[in-house]
Amino acid sequence: MESYLDWINRVSSDTEIVPLYFVADFRISPIDKIKYEHETPVKLCNYVDVYKNTYISSDIDFMEGTASENEIERFTIKDGDIMITKDSESSDDIGIPAIVKGDFEELTVCGYHLALITPAREKVVPKFLFYCFESKQHRLQIEIESTGVTRVGIPKDVISHYKIPLKSLTQQNKIVAYLDQEVAKIDALIEKKTRLVKLLEEKKKATISQAVTKGLNPKVKLKPSGIDWLGDIPEHWEVVKLKYLTDGLKYGANEAAEEDNPDFPRYIRITDIDENGNLKPETFKSIPLEIANDYILEDGDILFARSGATVGKTFRYTSNYGKSAYAGYLIRMRPNLKIDSKYMYYFTLSNSYWSQIYIDSIQATIQNFSGDKYANMLVTIPSIDEQLKIAEFLDNHLIQFTFLRDKINNSIDLLKEKRTAIISAAINGEINLD
14 MESYLDWINR
24 VSSDTEIVPL
34 YFVADFRISP
44 IDKIKYEHET
54 PVKLCNYVDV
64 YKNTYISSDI
74 DFMEGTASEN
84 EIERFTIKDG
94 DIMITKDSES
104 SDDIGIPAIV
114 KGDFEELTVC
124 GYHLALITPA
134 REKVVPKFLF
144 YCFESKQHRL
154 QIEIESTGVT
164 RVGIPKDVIS
174 HYKIPLKSLT
184 QQNKIVAYLD
194 QEVAKIDALI
204 EKKTRLVKLL
214 EEKKKATISQ
224 AVTKGLNPKV
234 KLKPSGIDWL
244 GDIPEHWEVV
254 KLKYLTDGLK
264 YGANEAAEED
274 NPDFPRYIRI
284 TDIDENGNLK
294 PETFKSIPLE
304 IANDYILEDG
314 DILFARSGAT
324 VGKTFRYTSN
334 YGKSAYAGYL
344 IRMRPNLKID
354 SKYMYYFTLS
364 NSYWSQIYID
374 SIQATIQNFS
384 GDKYANMLVT
394 IPSIDEQLKI
404 AEFLDNHLIQ
414 FTFLRDKINN
424 SIDLLKEKRT
434 AIISAAINGE
444 INLD
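Residue numbers (this note's numbering): 14 to 447.
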């Protein structure tokens, strides 16, 4: 197996391998989101700002915060500074860089879970150093040497000794100019394909919404539903509260996910569910049967997320997943004879469902959707026979969406691989720029 430092053997002869501390000053920020009356008001550049942006500039809508005089002196961000993500739930998400671009009229500081790097410009071009972190090949130094179990982080010493393939300033500027041009082309293609995926998802949701609120017959007679966000529905349909479509909603087990025993029932958490509504095999956790017994799922059960950023996300369980229980921040609905399980699941993917989640969320101070709120959610239902036909139609029709989306996502992944390969080759001197 290739070592994560084997790239050192491939660098050009005009390259010196140096630790980060040789070319930059770096500090790990302690500035959290809590405001203190005795401190100075500041704009706070947070983890998400760095994770989602290549450039940190004054047009970003930073949150309000406060900082002490010492923190302001050490962590005010300036043009050419680089910030990297220091902690995350996954090692893939640490060491992600963003570079500060331009000046700031308002005092802006680097926030918690980030490291602030100030390049020594007489030794390294800031954008060149940024590309050293953009390269997946080089960032493996950080991923492999990160520490932690439920949350991983970069030890200060690992950042300090992060290896940089240093060249002359002239060569660094040539590499930056080349990469700015080539990476921009690739990023434009990625953005275009990402927009296409988003359009496909919107079309998919529109197809589902049409089917579960208007049915499959475009000539069907409609009647007012009496609900603003729903509009007209087929005249033979009903609008029913979810609590009348189940024998009861039940919260999951409040247990830690510590077991890996395949003989125990799987313990389903919301983080186990992928974008396609399937369980991720790599995140398998289990709990002992004596604890799981009260929470064992049956074929067709539907799970609802009730708190945090995943509020509204759903999962439909089938026996193909094996014996399973579910976590406490999930709510189980077991559909009764009035509604088909698959139809109900498709309803949870519709605009009508998400409109109700959204309406409640903007009214709440804390993002939480309790069992009572789900119980009073309105569901549009035709007869069972029509529900089955709608579910079958969507099963067949959505195969096309999934195929196209996966094809585009695969091409995006290939572009990302090409991007990191070009960056790695350029900063190692494997591309002749003379």
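Note that the Cβ used here is the ideal one computed from N, Cα and C, for glycine as well.
Other residues of its chain near residue i: CB distance less than 7 Å, five sequence neighbours each side excluded
i	result
Lys140	Ile112 and Val189
Tyr366	Phe360
Ser81	Glu52
Asp353	Ile397, Gln400, Leu401 and Ala404
Contacts around residue i, its chain only, beta-carbon distance under 8 Å, and the 5 residues preceding and following it disregarded
i	result
Phe406	Ala224 and Leu229
Ser71	Gly115, Asp116, Phe117, Glu118, Glu119 and Thr121
Val165	Asp100, Ser101, Glu102, Ser103, Ser104, Ile107 and Ser159
Ile421	Lys206, Leu209, Val210 and Leu213
Lys431	Ile199
Glu272	Tyr280, Lys298, Ser299, Ile300 and Pro301
Neighbour-count burial assignment, residue i, 16 or more Cβ in a 10 Å radius
i	result
Pro237	exposed
Glu50	exposed
Lys46	exposed
Tyr239	In the sequence as presented, Tyr is not what sits at residue 239; that position holds Gly. By the 10 Å Cβ count, Gly239 comes out exposed.
Ala269	exposed
Tyr330	buried
Thr259	buried
Glu84	buried
Ile394	buried
Trp242	exposed
Val61	exposed
His249	exposed
Asp74	exposed
Ser437	buried
Cβ shell of residue i (< 6 Å), same chain only, five flanking positions each side left out
i	result
Lys216	none
Val233	Pro247
Thr361	Thr327
Phe317	Thr327, Ile344 and Tyr387
Leu179	Glu29 and Val31
Met390	Leu255 and Gln369
Asp287	Lys293
Tyr334	Leu292
Lys149	Thr433
Asn289	none
Selection from the options that minimises the alpha carbon distance to residue i
i	options	result
Phe328	Lys227, Asp307, Val165 and Lys293	Lys293
Val36	Asp92, Asp74 and Phe143	Phe143
Lys254	Thr226, Val392 and Gly442	Val392
Asp314	Asn422, Arg282, Tyr358 and Asp285	Tyr358
Lys402	Lys355, Glu311, Leu417 and Ser365	Lys355
Ala201	Phe297, Lys65 and Leu428	Leu428
Lys48	Gln194, Ile425 and Glu77	Glu77
Glu443	Leu302, Lys218, Tyr191 and Leu243	Tyr191
Leu33	Cys145, Ile352, Ile109 and Glu430	Cys145
Ala133	Ser363, Asp408, Asp94 and Phe414	Asp94
Ile130	Val252, Glu303, Lys169 and Ala438	Lys169
Which of helix, strand or coil DSSP assigns to residue i
i	result
Met346	strand
Lys254	strand
Thr361	coil
Thr433	helix
Ile139	Correcting the residue type first, residue 139 is Pro in the shown sequence and not Ile. Note: Pro139 maps to helix in three-state DSSP.
Asn389	coil
Leu213	helix
Val225	helix
Gly290	coil
Ile240	coil
Ala438	helix
Arg282	coil
Asn230	coil
Ser26	coil
Gly78	strand
Asn59	coil
Lys336	coil
Asp38	strand
Asp106	helix
Ser354	helix
Leu407	helix
Leu235	strand
Tyr308	helix
Arg152	helix
Arg418	helix
CB contact check: residue i to chain B, cutoff 9 Å
i	result
Arg134	In summary, chain B is missing from the structure at hand, where a single protein chain is found.
beta-carbon residue i near the ligand NAD non-hydrogen atom, thresh 8 Å
i	result
Phe406	The ligand NAD is absent from the structure shown, which contains no ligand whatsoever.
### Task
Take every Cβ of the region 339-347, pair it with every Cβ of the region 251-271, and state whether three or more of those distances are shorter than 8 Å.
yes
### Query
Does the region 121-132 come close enough to the region 53-69 to have 3 or more Cβ pairs within less than 8 Å?
yes
#### Entry: Inter-stretch contact (C-beta, 8 Å, three-pair minimum) for the region 304-312 and the region 276-293
Contact holds: three or more Cβ-Cβ distances are below 8 Å.
### Query
Quick one: any contact between the region 79-99 and the region 22-31, if contact means 3 or more CB pairs under 8 Å?
no
### Task
Please determine if the region 204-214 and the region 167-175 are in contact, where contact requires at least 3 C-beta pairs separated by less than 8 Å.
No: fewer than three Cβ pairs fall under 8 Å.
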